[in-house]
Amino acid sequence: MRTAGNLDDPENGKKSSFWRCPGEPVRVLCEFKSIRRKVLTYRTNIVAGSSLSIFSVLYLYFSFDIVPFLGLGATPLDATFIPRFWGICLLALSLSLLLRGFRGRRIAIKEGMDISTEKLTLRDFYNRNYEVILTFVGLGVYTALLGYVGFTIMSILFIFFLSVLLTPPGKRNYRTAAIIAIVSSVVIDFLFVRLLSVLLPRGILGF
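So in full-length UniProt numbering the end of the sequence shown lands on 207, straight run, no missing numbers.
1) Taking glycine 140 as the reference, which of Tyr126, Arg128, Ser155, Asn129 has the closest Cα?
2) Tell me whether alanine 177 is buried or exposed, calling it buried when 16 or more other Cβ atoms sit within 10 Å of its Cβ.
3) Just the Cα atoms here: how many angstroms apart are threonine 143 and leucine 165?
4) Distance, Cα to Cα, residue 243 vs lysine 110?
5) Where does the unbroken alpha helix (DSSP H) through threonine 80 begin, and where does it stop?
6) Grab the span of the alpha helix (DSSP H) containing serine 163 for me, first residue to last.
7) May I ask which residues mark the beginning and end of the alpha helix (DSSP H) holding aspartate 189?
8) Looking at leucine 52: is its Cβ nearer than 9 Å to the Cβ of leucine 90?
9) Among residues of its own chain, excluding the 5 on either side of phenylalanine 64, which ones have a beta-carbon nearer than 8 Å to its beta-carbon?
10) Looking at the structure shown, is arginine 202 part of a helix, part of a strand, or coil, going by DSSP?
11) Return the residue from the list Asn127, Ala181, Leu58 that minimises the CA-CA distance to isoleucine 88.
12) Around the Cβ of tyrosine 42, are there at least 16 other Cβ atoms within 10 angstroms (buried) or fewer (exposed)?
13) When you compare each of Gly206, Ala92, Gly49, Val47 to leucine 60 by their alpha carbons, which one comes out closest?
14) Quick one: what's got a C-beta closer than 7 Å to alanine 48's C-beta in the same chain, skipping five residues either side?
15) When burial is assigned at 16 or more other CB atoms within 10 Å of the CB, is leucine 162 buried or exposed?
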């Protein structure tokens, strides 16, 4: 049986250094991939955090253009509450992602990584953030069609879309996602319209 260290290289007839030290190339490759992953991770966090922070600020800014409507007057909540609430939450999460990116960069520099040679391609950025990107695409479609289709139907579709998107491929259960989407949307509509007397978009179908 051939063992590592006495296997000839079939191309040049010499002893193969790979087989003389089989663990070394694998170790170096693993270290390179680990360093590359760390560099790409902190850069991705910085880019995503910066973009989302800008989007959050613009989102909050335009939320002040919403005309307040108190529904039947039974609650202090109005049409501006939910947009501003989600805008503040999104801004807080974006800033935390940005801070994590800068902290990762500081750690990378401290560990002596060469952070100037590794480029972040669009493919790398999409592969690491496709959930976030598709979430914002879905949010844009949800917002654009909300007034035409109605809150309940669009919320069912949006929650179902997010449930499937954010679940690992091997664990997706479309029936469960559909049930969660329907129940959540109906409950939210009931709470705001029936209990809080806050009017929501009805759409062309009336619900």
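By construction, the Cβ of each residue, glycine as well, lies at the ideal position given by its N, Cα and C atoms.
Reading it off the structure:
1) Residue 140 sits at position 140 when you count from the first residue of the sequence shown. With distances taken between Cα atoms, glycine 140 lies closest to Ser155.
2) As a first step, residue 177 is located in the sequence shown; it is residue number 177 there, counting from the start. Alanine 177 should be labelled buried.
3) In the sequence shown, counting from the first residue as 1, residue 143 sits at position 143. In the sequence shown, counting from the first residue as 1, residue 165 sits at position 165. Answer to the nearest angstrom: the Cα atoms are 18 Å apart.
4) Since the first residue shown for the chain is 1 and the last is 207, residue 243 is missing from the structure and cannot be characterised.
5) Numbered from 1 along the sequence shown, position 80 holds the residue referred to as residue 80. First-last for threonine 80: undefined, no H or E at that position.
6) By 1-based counting over the sequence shown, the position of residue 163 is 163. First-last of the alpha helix (DSSP H) with serine 163: 151-165.
7) Along the sequence shown, one-based indexing puts residue 189 at 189. Run containing aspartate 189: 174-189, per the alpha helix (DSSP H) assignment.
8) Residue numbering aside, residue 52 sits at position 52 when the sequence shown is read from its first letter. Residue numbering aside, residue 90 sits at position 90 when the sequence shown is read from its first letter. In this structure, leucine 90 lies closer than 9 Å to leucine 52 by Cβ.
9) Sequence index remark: in the sequence shown, residue 64 carries index 64 (1-based). Cβ neighbours of phenylalanine 64 beyond the five flanking positions: Thr80.
10) Along the sequence shown, one-based indexing puts residue 202 at 202. Coil.
11) In the sequence shown, the residue the question calls residue 88 occupies position 88. Nearest of Asn127, Ala181, Leu58 to isoleucine 88, Cα basis: Leu58.
12) The residue labelled residue 42 in the question sits at position 42 within the sequence shown. With 16 or more Cβ atoms within 10 Å of its Cβ, tyrosine 42 is classed as buried.
13) Taking the sequence shown and counting its residues from 1, one reaches residue 60 at position 60. Here the closest residue by C-alpha is Ala92.
14) As a first step, residue 48 is located in the sequence shown; it is residue number 48 there, counting from the start. So the qualifying residues of the chain are Leu97, Asn129, Val132.
15) On the sequence shown, position 162 is the one that residue 162 refers to. Classification of leucine 162: buried, given that the 10 Å Cβ count is 16 or more.
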